[in-house]
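Student: According to the numbering used here, the sequence shown holds residues 217 to 1188 in order. Even glycine gets a Cβ: it sits at the ideal position worked out from N, Cα and C. Owing to the predicted nature of the structure, the values given are computational and were not obtained by experimental measurement. Could you have a look at this structure, given as structure tokens, before my questions?
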Amino acid sequence: MKPRAPRPEHPALPAPARPRDALTASRAKRRAASLGGGPCLDLSSGTAHTKKQRDASRDGGPCLDLSPGTAHAKKRRAASLGGGPCLDLSSGTSRAKKRRDASLAALVGGLGLLLSFGTARAQEPRALDRAASDGVDRPIKDYSGEGDASSIELNPALLSGVRGLDLVIMGYRSVSPFTRGGGLGGFMSFNLGFGLATGIGVQALRPGFGGGYPDPFTARNPDATKISWALSGGDGKVAAFGLGVHWLRNDGLLRAPDLNVGLLFRIRNYASVGAVARFGAADLRPYGDLASELSIVGELAVRPLGTRTLELAGGVRGRFRADQPGLQVSQWDNLGALPRGRIAVRHKGLELAAEVEQVRVHALDPSTYNFVRADKAVRGSVQLAVAWDFMKVSGGVHAGLGEGLDGFGLAARFSTARQGRVFWPRLVDVERVDISAIKGERHLLGLLQRLERAEKAGKRTILLVDARSTGLGWASLQEVRSALVRIRNAGGHVFAYLEDTKLKDYYLASAAEQVYLHPAGELATFGLSSTTFYLRGLLDKLGVQVEALHIDEYKSAHEMFSRTGPSDKDREQREALLDDTFAQVTHDIAQARGLSVAQVRGLVDDAPYGPDKAEELGLVDAVVYRDQVVEKIGDAVGARVKFAQFDDTEPDPKTWSSAPYVAVVLIEGTIVDGESRTIPLLGTQFTGGDTIVAQLRAVRNDPACQGVVLRVNSPGGSALASDLIWREVSRTHEAWKKNPRKSPPIVVSMGNVAASGGYYVAAGTDHVFAQPTTLTGSIGVVSLHFDISGLLHKLGVATHTFKRGKNADIAGFYRPFTADERARMDASIRRVYDLFRKRVSDARGKTLEQVDELGRGHVYSGIDAKELGLVDAFGGLREAVALVRQRSGVGDRRELQLRILPVRKTILDLVLDLLGPERGDKGLRGRIQARRDAELPLPLVLTTAFARLPLALLFLPQDQPSALMPVIHTIE
């Protein structure tokens, strides 16, 4: 500490002493000594220190007074101001001659130095200098890395990164009698959401010396109870701040509450900066000894690997102390800057950490244990922590201040968030995946995210796939099956359970390392089939005639109404689709079970198989009851296992967050004009052109959107709605090409079917993913005209139409087309087809003639479509997301949300739509929708029922061109 300026030489009258208790004099001496780091030892017969001694003690030099009187000489005051120890042997208050006093002062100074800095330095005890409100000590202090509930005490900003409810119980016990920081504490924090977290803490502090040794600073280290409260705000992954308030109690408040202000800044996954300032106010008691404290800590933590496996941190702590209240700089003493560093190595549920720090200590006389001087020392610590799911225990030791250990600390943490797990033979969690619960694209995408999470977990993953009653399409099954294979390749375990098994069930189960079959089950793997109803005969009996206009010979969507069986071209494409799907299925099963494709085809033809026969043929690995599955899995992995339910990845989270994300825009079901609609009870989904247009505009203009995946699982529908969607897809793609830094890229991922209008919308971008079993293509147009005049005649109903305009009733249900009307309608669908061809020609880099050769309504498997250049690559959601990450320049390690859009309406939204006022756009879009609503379509119940038969064509407007594929995508 920098010496204070000398006081004036003129005599000063001593201040009158106030009445105090027996400890008053010693407290005054210790308080004066604390300003300079050393108390003043007084062996005089009196009780009062003069101003001269107090000045000497503030300069750090101990003052030894052996005089029987009370007055110090002027020479001794001058010597003490110079920093040297002072010895007074005078017998009274009279002044001696200057020469004799100077000689005596020199002699005493030499003796004091010898006593203070002789051989006792190597043997003298050292007591840790800690602030009274520093709380229970701990082996490792983390200001910037990973927080828990006890971060209330260190850096409250870390609470923002602590998930859920967190509870920490910790204690510290001194081994050396001169090590302070003992006590027991409990902390609890809760993440409130919305970027806020709070916590409380209670500690019983026992900072005094142990073993009955006298403590020269007892009054500055009282036993006390510390109560803390903290509030943190911000995102623990980016930046946060925290505020803590701490009360120190012992038969009442000892001083005003301490205030903590903490800051936290994350620099991606590689660095983190933490800073905290604590101000402790002065003692509230009239003659208390607690000084004002100001502590400032800064720490930088670095993770060289970008993960928590290795963490290096370094920082510095500055301490300031004042004996009087106030914030004036002149009143504060700088106790020094104390550097510190730590390292942590983590693997799964194990953590080994070490810390080295410079601390402030008080050197004590080895015989009297009185204060000698203030000093600095280096001490180190090491800690081992073991985590087991929701619990973590740790223990560590300090050393460096004495000859052995200084002290040890223990802690236990309980949290609602998993803390990792230490692996040895144990009870293992098995996650059950119920495929029959997957209904629709949203559920499917949620499952794919769960499986991707399981893949990242690697060897920790154990899945049981319940493949009973699989209702997914072949392309969806192939995408899920590929995810299961990746989990196994990453070191995870996948098992499958079957009962009454169809080929779809077994195809998915064959990806598992072991397949189990119930003793009463069987493998009914009979093969593939596709059945279509032809209604022409029924309609003839009813008197209903259907005129089909279509381009061209492969566009067979009309045949179920206009024919009694398939046309030759339709038969050709159906056979080709079955061949490609069956070849893919048998190939995958053969590869998984170590059989040849010929063997698998033979086994399919010879089905069904009972459990014993299936096991004998190598189609299953064991025959077990449901209650035996857990035991079988345990035998396979070499551990006791149990089923556990893990939280699913939310398929459609709320979109208020501004975090970077990838948008997955769904086009599912028949494409219709206007808004999307869903019939929840029937599970029917219609995608509205206006809904998708608005959604694509929103994500294109959202700076948080890093990429768009257009997920198509649709057989098509309205040609107009398809073109509206194509336009927005194309605009999004062009915006990215023009300015990749400000606009998100867009790619297409096809599901089970993306044909006709479903393929039309995909032509707006330059990269399309499909599965080998995806049904796509069907570049063509169809229009149907229903004439129910014959039915009305049979029922005795007559009609008469009044009109103005030659063709005013061309779209009526009550008469057939005339030759002129038929020609007009044929020209109309020809224009739509030519536009369709141009869209595909521009997107795929082909001539109109080449597109016409590939088009004409022809439906292709994903395998053929890739060979013909209609799609670019095999893959699903995973590959599409990876490509938009690459195009947007987002690394694989950067976390991106996956938002499924449009956001699905809740039951409350549907009720409000029915009961509330119109909230639509009053502009052009609103007028168009109002006109459509005024057209009085068929009753919704009837149109929905028709669509579920599936007769989706009847839901579309009559006599308008439709881009719809034939309903042959159901291959069982």
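With a 10 Å radius around its C-beta and 16 neighbouring C-beta atoms as the bar for buried, classify G625 as buried or exposed.
Tutor: As a first step, residue 625 must be located in the sequence shown, where it is residue number 409. Burial call: buried.
Student: Could you tell me the alpha carbon to alpha carbon distance between I443 and D431, rounded to whole angstroms?
Tutor: Along the sequence shown, one-based indexing puts residue 443 at 227. Along the sequence shown, one-based indexing puts residue 431 at 215. Each residue's alpha carbon lies about 25 Å from the other.
Student: Along the chain, where does the alpha helix (DSSP H) that runs through G905 open and close?
Tutor: To locate residue 905, count along the sequence shown from 1; it is residue 689. Start and end: G905 to R916.
Student: What does DSSP give as the partner residues of Y585 in its beta bridges?
Tutor: For the purposes of this step, residue 585 is taken as the residue at position 369 of the sequence shown. Beta-bridge pairing links Y585 to no other residue.
Student: For Q800, which option in V813, F606 and A736 has the closest C-alpha, if you only look at C-alpha atoms?
Tutor: In the sequence shown, the residue the question calls residue 800 occupies position 584. The shortest Cα separation from Q800 among V813, F606 and A736 belongs to V813.
Student: D1108: buried (16+ other C-beta within 10 angstroms of its C-beta) or exposed?
Tutor: Residue 1108 sits at position 892 when you count from the first residue of the sequence shown. The residue is exposed, with fewer than 16 neighbouring Cβ atoms inside 10 Å.
Student: On a Cα-Cα basis, can you pick out the residue from D1058, R1046 and K608 that is closest to R1072?
Tutor: The sequence position of residue 1072 within the sequence shown is 856, counting from 1. If we check each option's Cα against that of R1072, R1046 comes out closest.
Student: How would you call F410, buried or exposed, if buried means at least 16 neighbouring beta carbons within 10 angstroms?
Tutor: By one-based count along the sequence shown, residue 410 stands at place 194. Flag for F410 reads exposed.
Student: From F1018 to D1036, what distance separates their C-alpha atoms?
Tutor: On the sequence shown, position 802 is the one that residue 1018 refers to. On the sequence shown, position 820 is the one that residue 1036 refers to. For F1018 and D1036, the distance between alpha carbons rounds to 20 Å.
Student: Would you list, in sequence order, the uninterrupted beta strand (DSSP E) runs of no fewer than 3 residues that lie entirely inside the stretch 615-655?
Tutor: 621-631 and 643-650, all fully within the stretch 615-655.
Student: Helix, strand or coil: which one does DSSP assign to D1108?
Tutor: Here residue 1108 refers to the residue found at position 892 when the sequence shown is read from its first residue. It is coil, neither helix nor strand.
Student: Less than 8 Å separating the beta-carbons of L663 and I654?
Tutor: As a position in the sequence shown, residue 663 is number 447, starting the count at 1. As a position in the sequence shown, residue 654 is number 438, starting the count at 1. Closer than 8 Å, so yes.
Student: Compute the beta-carbon to beta-carbon distance between D622 and T434, rounded to the nearest angstrom, for a pair I have assumed lies under 8 Å.
Tutor: As a working note, residue 622 is residue 406 in the sequence shown. As a working note, residue 434 is residue 218 in the sequence shown. Their Cβ separation, rounded to whole angstroms, is 20 Å, which puts D622 and T434 out of contact at 8 Å.
Student: Can you grab the Cα-Cα spacing for the pair F406 / M966, in whole Å?
Tutor: Translated into positions along the sequence shown, residue 406 becomes position 190. Translated into positions along the sequence shown, residue 966 becomes position 750. Whole-angstrom Cα-Cα distance: 43 Å.
Student: Quick one: any contact between the stretch 750-762 and the stretch 978-995, if contact means 3 or more CB pairs under 8 Å?
Tutor: No: the two stretches stay apart, fewer than three of their Cβ pairs being nearer than 8 Å.
Student: Nearest-angstrom Cα distance between R354 and S488?
Tutor: Start at 1 with the first residue of the sequence shown, and residue 354 comes out as number 138. Start at 1 with the first residue of the sequence shown, and residue 488 comes out as number 272. If I take the Cα positions, the gap works out to 21 Å.
Student: Locate the alpha helix (DSSP H) running through H1074, then write down its first and last residues.
Tutor: Within the sequence shown, numbered from 1, the residue matching residue 1074 stands at position 858. First-last for H1074: undefined, no H or E at that position.
Student: Let me make sure I understand the geometry here. Which of R957, V1056 and G1006 has the alpha-carbon closest to that of Q1102?
Tutor: Taking the first residue of the sequence shown as 1, we reach residue 1102 at position 886. Ranking R957, V1056 and G1006 by Cα distance to Q1102 puts R957 first.
Student: Buried or exposed for D1058, going by 16 or more other Cβ atoms inside 10 Å?
Tutor: Stepping through the sequence shown from its first residue, residue 1058 is reached at position 842. Exposed, since its Cβ has fewer than 16 Cβ neighbours within 10 Å.
Student: Could you tell me the boundaries of the beta strand (DSSP E) in which Q419 lies?
Tutor: Numbered from its first residue, the sequence shown carries residue 419 at position 203. L412 to R422 is the span of the beta strand (DSSP E), which, as asked, contains Q419.
Student: Nearest to D474 by CA position, among S930, I483, L480 and L464, is which residue?
Tutor: Here residue 474 is taken as the residue at index 258 of the sequence shown, counted from 1. Comparing Cα positions, the closest option is L464.
Student: Applying the 10 Å Cβ sphere with the 16-neighbour rule, what's the burial state of S938?
Tutor: By 1-based counting over the sequence shown, the position of residue 938 is 722. Classification for S938: buried.
Student: Buried or exposed, going by whether 16 or more other CB atoms sit within 10 Å of the CB of A507?
Tutor: Taking the sequence shown and counting its residues from 1, the one referred to as residue 507 is at position 291. Answer is buried; the Cβ neighbour count reaches 16.
Student: Which partner residues does P555 have in the DSSP bridge list?
Tutor: Taking the sequence shown and counting its residues from 1, one reaches residue 555 at position 339. BP columns for P555 point to V532.
Student: Rounded to whole angstroms, what's the CA-CA distance from V646 to A860? Just pull it up for me.
Tutor: Counting from 1 along the sequence shown, the entry for residue 646 is found at position 430. Counting from 1 along the sequence shown, the entry for residue 860 is found at position 644. The straight-line gap from Cα to Cα measures roughly 6 Å.
Student: Suppose contacts are defined by Cβ-Cβ distances below 8 Å. Is V878 in contact with G923 by that definition?
Tutor: Here residue 878 refers to the residue found at position 662 when the sequence shown is read from its first residue. Here residue 923 refers to the residue found at position 707 when the sequence shown is read from its first residue. Contact: yes.
Student: Pull up the distance between the alpha-carbon of F711 and that of A830, whole angstroms please.
Tutor: Here residue 711 corresponds to residue number 495 of the sequence shown, with the count starting at 1. Here residue 830 corresponds to residue number 614 of the sequence shown, with the count starting at 1. Between F711 and A830, the C-alpha separation is close to 17 Å.
Student: Relative to the C-alpha of L412, which residue among G380, G449 and P960 is closest?
Tutor: Counting from 1 along the sequence shown, the entry for residue 412 is found at position 196. Checked all of G380, G449 and P960; the closest Cα to L412 is G449.
Student: Among L383, G424 and A446, which has the Cα closest to the Cα of G397?
Tutor: In the sequence shown, counting from the first residue as 1, residue 397 sits at position 181. Selected option, being the one with the closest Cα: G424.
Student: Starting from the Cα of N929, find the closest Cα among L1086, R842, F798 and A986 and give me that residue.
Tutor: Along the sequence shown, read from residue 1 onward, the residue named residue 929 stands at position 713. The option with the nearest alpha carbon to N929 is A986.
Student: Would you identify the three-state DSSP class for D821, choosing helix, strand or coil?
Tutor: Here residue 821 corresponds to residue number 605 of the sequence shown, with the count starting at 1. D821: helix per DSSP, three-state reduction.
Student: Could you tell me if A238 is buried or exposed, where buried requires 16 or more neighbouring beta carbons within 10 angstroms of its beta carbon?
Tutor: Within the sequence shown, residue 238 is the residue found at index 22, counting from 1. Interpretation of A238 is limited by its pLDDT of 35, a score under 50 that renders its predicted location unreliable; the figure taken from the coordinates is listed afterwards. Exposed, by the Cβ-count rule.
Student: Under the rule that 16 or more other beta-carbon atoms within 10 Å means buried, what is Y1194, buried or exposed?
Tutor: In the structure as shown, the chain starts at 217 and stops at 1188, and residue 1194 therefore has no counterpart that could be examined.
Student: Using C-beta distances below 6 Å, list every residue in its chain close to E944, excluding the 5 sequence neighbours before and after it, in chain order.
Tutor: Here residue 944 is taken as the residue at index 728 of the sequence shown, counted from 1. Excluding positions up to five away in sequence, the list reads V909 and L912.
Student: CA-CA distance, W445 and L554?
Tutor: Position 229 of the sequence shown, counted from the start, is the residue given in the question as residue 445. Position 338 of the sequence shown, counted from the start, is the residue given in the question as residue 554. Spanning the two alpha carbons is a distance of roughly 27 Å.
Student: G490 to Q599, Cα distance in whole Å?
Tutor: Working through the sequence shown from its first residue, we reach residue 490 at position 274. Working through the sequence shown from its first residue, we reach residue 599 at position 383. Rounded to the nearest angstrom, the two C-alpha atoms are 21 Å apart.
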